[in-house]
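Worksheet: the structure to be examined is printed underneath.
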Amino acid sequence: FTFIVLSKESCSTWGGGHFSTFDKYQYDFTGTCNYIFATVCDETSPDFNIQFRRGLDKKIARIIIELGPSVVIVEKGSISVRSVGVIKLPYTSNGIQIAPYGRSIRLVAKLMEMELVVMWNNDDYLMVSKMNLINLLNKKNHNIHYLPIGKRSRCFQNFSSSQVLTEKKYMGKTCGMCGNYDGYELNEFVSEGKLLDTYKFAALQKMDDPSEICLSEEISISTFPHKKYAMICSQLLNLVSPTCSVPKDGFVIRCQLDMQDCSEPGQNNCTCSTLSEYSRQCAMSHQTVLSWRTENFCSVGKCSANQIYEECGSPCIKTCSNPEYSCSSHCTYGCFCPEGTVLDDISKNQTCVHIKQCPCALNGKTYAPGETMKAACRTCKCTMGQWNCKDLPCPGRCSLEGGSFVTTFDSRSYRFHGVCTYVLMKSSSLPHNGTLMAVYERSGYSHSETSLSAVIYLSTKDKIVISQNELLTDDDELKRLPYRSGDITIFRQSSIYIQMYTTFGLELVVQTSPVFQAYVKVGSQFKGRTLGLCGNYNGDTTDDFLTSMDITEGTASLFVDSWRAGNCHPALERETDPCALSQLNKISAETHCSIITKKGTVFEKCHAVVNPIPFYKRCVYQACNYEETFPYICSALGSYARTCSSMGLILENWRNSMDNCTVTCTGNQTFSYSSQACDRTCLSLSNRALECHPTDIPTEGCNCPKGTYLNHKNECVRKSYCPCYLEDRKYILPDQSIITGGITCYCVNGRLSCTGKPQNPAESCKAPKKYVSCSDSLENKYGAACARTCQMLATGIECIPTKCESGCVCADGLYENLDGRCVPAEECPCEYGGLAYGKGEQIQTECEMCTCTKGKWKCVQKSKCSSTCNLYGEGHITTFDGQRFVFDGNCEYILAMDGCSVNRPVSSFKIVTENVICGKSGVTCSRSISIYLGNLTFILRDETFTISGENPGVRYNVKKNALHLMFDIIIPGKYNMTLIWNKHMNFFIKISRETQETICGLCGNYNGNMKDDFETRSKYVASNEFEFVNSWKENPLCGDVYFVVDPCSKNPYRKAWAEKTCSIINSQVFSACHNKVNRMPYYEACVRDSCGCDIGGDCECMCDAIAVYAMACLDKGICIDWRTPEFCPVYCEYYNSHKKTGSDDAYSYGYNNDNCTWHYRPCNCPNQNFKYVNIEGCYNCSHDEYFDHEKERCMPCGKQ
């Protein structure tokens, strides 16, 4: 285990004026002016400046803590932060954490180049410390590895965050009442070669407030104690700790002074402040401290609720939200929970409870233990502070929104711009070989202005085309709604929604205004049995881009192209941000779309349930991309409102909050946010089977007010005025009669009232004839638009174009391939990554071998698949299941761990990142990584690593590279892990598991489905990344994250440079990878990091971000040589000019012309055919060899 020890670098003041400097010199001074406690000398902008003022009662009246741009003021028991105001604890912002620490309050400032602790007790105590990391370990199990430096490119000097270097940085440079911190105890008061009296030294540290002239104390205070108190003081100090190694002499003197200056001299209670300070210093030195206080002697008061007083209790408070919390810290005195209990931080009543009595929290509401909560598709029970959830049968939903956005059944969202008819969904569960298709057309001048224009359902029995305001059938006949054909019914649910209801589990809801959009819902019988743009509905998000050729593509456009149902041009990706073309459009889009994220709007009540950020981004993109701005803004807002409705939250009046989003109703119809046709039309009274099919998500639109019904003239009338509808859309007026089947029927209240027995039309059919109620489909010919192609052969469906086109077609039995040649079916090539592969050709991925057969890939799994979680740059994370998010948290967070089930099994591994402020805008990045494997611990920090402890059940191997450290870790029977660290901010966790053990943390739950990746510590799926991230804090006292900084808006002058340098990702340099790995998220991350990295090392941040994309390409087998001597260079010459000395990884200069074998390579074995993870670095093997770390020699790439 590792302790953080505040060793000799601490300085404190206590009591009426006792001081202990950084060099442990003790003195006394009782001035009431404002004094500098500690700062850095001779700097115009010191890293820290701490000031204090005592009142006339000798207690500390005010503390001012300046840390760069942040200023914290402690006065009259309250804490305020400049530009924020009075704060509540715990508080975290800009690299500062302020939280209770026993009976004291502790401020921790963690920045990349500094770590500082300030502690006070709102009475007479103030302490400052520059933290120094000391590992209290068994030496034989502890190794520190020093790596050669200077091999990576730097634009600016790289500030080291090593606490040992921090100590040297300030040695001899501090000023203030804490002394000069030069390691010598007796020269604290020396100024210009002269030894000053205490009051003269203090006068030099005085810092008057504006418009204040505080007179310095001119008399030297007597520090000669009465000898008669020496014995009792020594006894009292032994009462605190008889074995403490902290020298007692100075404290005996302070104790005697307390005794003689007390209002009642000689009383034991006069010495409480000095005894408390001695207790603190012993505890900080990890010495044993006894429970020396009593109710009548130096009591700290009564503890709240059922907490108990401890003199040496752990400040690492175990809570209901984090009952396993542990940290490295010295003990302190205060009120703590009894052993076997945890603090109930959920109910906020500060009581201690057994973990079985812990409540649960959700969306600001508290649930008692055992209480059950029902949500969409889940039912959850509160157990030991966590939600134990069971999934309920739930339909699959796929949506086509905003012109170009698709969300699959497994919740993967993507965007594409294509002009064609695409297979939306095909499934063996659809009767009569049914297929659902989507028609996209150009809706503007630019290639990216494409939008959905129609949805087609095709089977051997039906062809139904639903467009903006039309319904076409297989004979191209325009049909009026409602329309019924066999087991399919299509009707208008409201003025802006058309619904297709079927009896076989498929439901289609089409929104006709303001933008044509479609929502597909399927029953659970379709699970794992769908193909097309809506994905394969198998619960695994990662393989949603399964093409018609049975292989998973890496980009949306290639996936979409494989599902073309016509001879169309390939879909295109918009490479540039549409908002970048016009600053006015960008401002307008962001202004109008921001209503969805703002507090105080109608949308706010849904924020806790549905994350608004993806909808905001979609809204901004649509507003800039399409010439008709407002329809697409309203479309995005409507999509968010509809998603909220699916969660049971109807956002009433959201349309009134945005211009041009209101819907005008005709006649006497009214608008409703929960509208339906059933019991709102006269037709629904006559034939409920036609229009009474409710949808589980409320639909908006115009319908008749309750109690009235829409008649054949589009008027809302009372029931008694409704006509009665017959077959073939004929009707009779109210109170009229008709004879049908020999029976007279009257129209009463919209329904036919008949007497007698109706005839069965089937009875008129004489054998062998039988009655069929639907017409046969007609054969249609569309010329070249339906030319047979290999791609259509792979799709396996008939061509459904919307119009006939001229052109060349292949003869019967032949198919057009990618080259335009006509070939037989068995010669059709397969496509992958934008390339064509011939019959019998093979491709390999990490875990599959795929062979091209008749235009389709036949894949065989060859090994267990692994998955990778990435933490890179300024808070970017990609989970094991592919979910991406950014956070600016200033705390320690659990990246990944196992043992996450409700019964809390023992964890076999835990990986923790410590994130700190690394930019002036407030962005954060990882400063250190801790890997816990039982009693074995790895600490990755300051470009090096330490290993401590032992675990015989774990095998590991460390491989070092100029750019990376790689840790191969095997936990037999459970996991094979490869951890890759670039010795800076990027960290990759690659896991292959042999069991289905649950994994949790910021890297997600690794179940293949990104939809539930935001699963919190309490086992509930959060609606946004902030709630998710906050739940995985390792230290519950850290403040929560509420927003993500946009560094480019705070540093607009850097944005142009960031976009220009990061554009290499979009350039021809990486073109070979563009079809394999979607580049846009990496480009956006690069721009953000380059804007935010503004305190030195900005080129390194940019290079690191590009390297992450290059590594993603390498994982797909694409090796990109992107570094140059001028752009992000790597200097491997160091290894040629330096030789390793000894076994501690130290290097010394020893140039040898024969040793110039080290060279930079962008990958190791380009064909991936070797046994290690492929990464860039400095290698001393030839291009077709790799270095085998076990055999310690170069091996050919094909051999293992």
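Every position in the sequence shown, counted from 1, becomes a number in our numbering once 25 is added. Ideal Cβ positions, reconstructed from N, Cα and C, are used throughout, including at glycine. Just so you know, these numbers come straight off a predicted model, no measurement behind them.
Is it right to say E495 is buried, meaning 16 or more other beta carbons lie within 10 angstroms of its own, or is it exposed?
-> exposed
Identity of the residues DSSP links to G338 by a beta bridge = T357
With DSSP run on the structure shown, which of helix, strand or coil describes L506?
-> coil
Cβ-heavy atom distance between Y1078 and the ligand SAH below 6 Å?
-> Ligands are entirely absent from the displayed structure, and the ligand SAH is therefore not among its contents.
Extent of the continuous beta strand (DSSP E) to which M874 belongs = E873 to T878
Count the other C-beta atoms from every protein chain shown that fall within 10 angstroms of the C-beta of K1015, then say buried if there are 16 or more, exposed otherwise.
-> buried
Grab me the residues of T223's own chain with a C-beta within less than 6 Å of its C-beta, minus the 5 sequence neighbours each way, in chain order.
-> Y52 and F54
How about A460 and I822: are their beta carbons less than 7 Å apart?
-> This sequence places Thr at residue 460; Ala is not what is there. Yes; because the gap between Cβ atoms is below 7 Å, this pair is in contact.
Mind the definition here: the segment 923 to 933 touches the segment 395 to 413 only if three or more C-beta pairs lie below 8 Å; say whether that holds.
-> yes
With a CB to CB cut of under 7 Å and the five nearest residues on each side skipped, what residues in its chain are close to K879?
-> A850, E851 and C853
Could you tell me which of V1155, S492 and M202 sits nearest to C1203, measuring between CA atoms?
-> V1155
Q411 - partner residues in DSSP beta bridges | T408
How about the segment 252 to 267 and the segment 280 to 299: do they share at least three Cβ pairs that are nearer than 8 Å?
-> yes
Using the beta-carbon count (16 or more within 10 Å), is V378 buried or exposed?
-> buried
Would a C-beta distance cut-off of 7 Å place D1209 and M1220 closer than the cut-off?
-> no
State the start and end residues of the unbroken beta strand (DSSP E) segment that holds G1202.
-> G1202 to Y1204
List the DSSP bridge partners of A479.
-> V464 and S492
Work out the CA separation of P730 and Y698 for me, nearest whole Å.
-> 13 Å
With a threshold of 16 other CB atoms inside 10 Å of the CB of A605, please say whether the residue is buried or exposed.
-> exposed
Compute the Euclidean distance between the alpha carbons of A1110 and C847, then round it to the nearest angstrom.
-> 45 Å
Through-space distance from P418 to Y1031, alpha-carbon basis | 21 Å
Can you tell which of P759, I768 and P115 has its C-alpha closest to the C-alpha of G775?
-> P759
Since I believe Q518 is in contact with A702 (beta carbons under 8 Å), could you give me their beta-carbon distance rounded to a whole number of angstroms?
-> 5 Å
Beta-carbon contacts of Y897 that lie in its chain and below 6 Å, excluding the five residues immediately before and after = N1011 and V1133
Between the segment 735 to 751 and the segment 666 to 683, do at least 3 Cβ pairs fall closer than 8 Å?
-> no
Nearest-angstrom Cα distance between S346 and F1013?
-> 27 Å
Are I942 and N119 touching if we call contact CB-CB under 7 Å?
-> yes
Just mark P1072 as buried or exposed, buried being the case when its beta carbon has 16 or more other beta carbons within 10 Å.
-> buried
When DSSP builds the beta bridges, which residues end up paired with G65?
-> What sits at residue 65 in the sequence shown is Val, not Gly. DSSP output for V65 lists T199 as bridge partner(s).
In angstroms with no decimal places, state the Cα-to-Cα distance between S185 and N1205.
-> The predicted model places S185 with a pLDDT of 25, which falls under 50 and marks its position as unreliable; any figure quoted below should be read in that light. Each residue's alpha carbon lies about 29 Å from the other.
Label F905 either buried or exposed according to how many other C-beta atoms from any shown protein chain fall within 10 Å of its C-beta, with 16 as the threshold for buried.
-> buried
Under a three-way DSSP split, which group does E752 fall into?
-> helix
Measuring CB to CB, does A124 end up less than 7 Å from L1062?
-> yes
Starting from the N-terminal side, write out each stretch of the beta strand (DSSP E) that is 3 residues or longer and does not extend beyond the segment 219 to 273.
-> none
Cβ-based burial, K164 [other Cβ within 10 Å; buried from 16] = Residue placement at K164 is poorly supported in this model, since its pLDDT is 35, which falls under 50; the coordinates are not used for a value here.
Count the other CB atoms, across all protein chains shown, that sit within 10 Å of the CB of E237; report buried if there are 16 or more and exposed otherwise.
-> exposed
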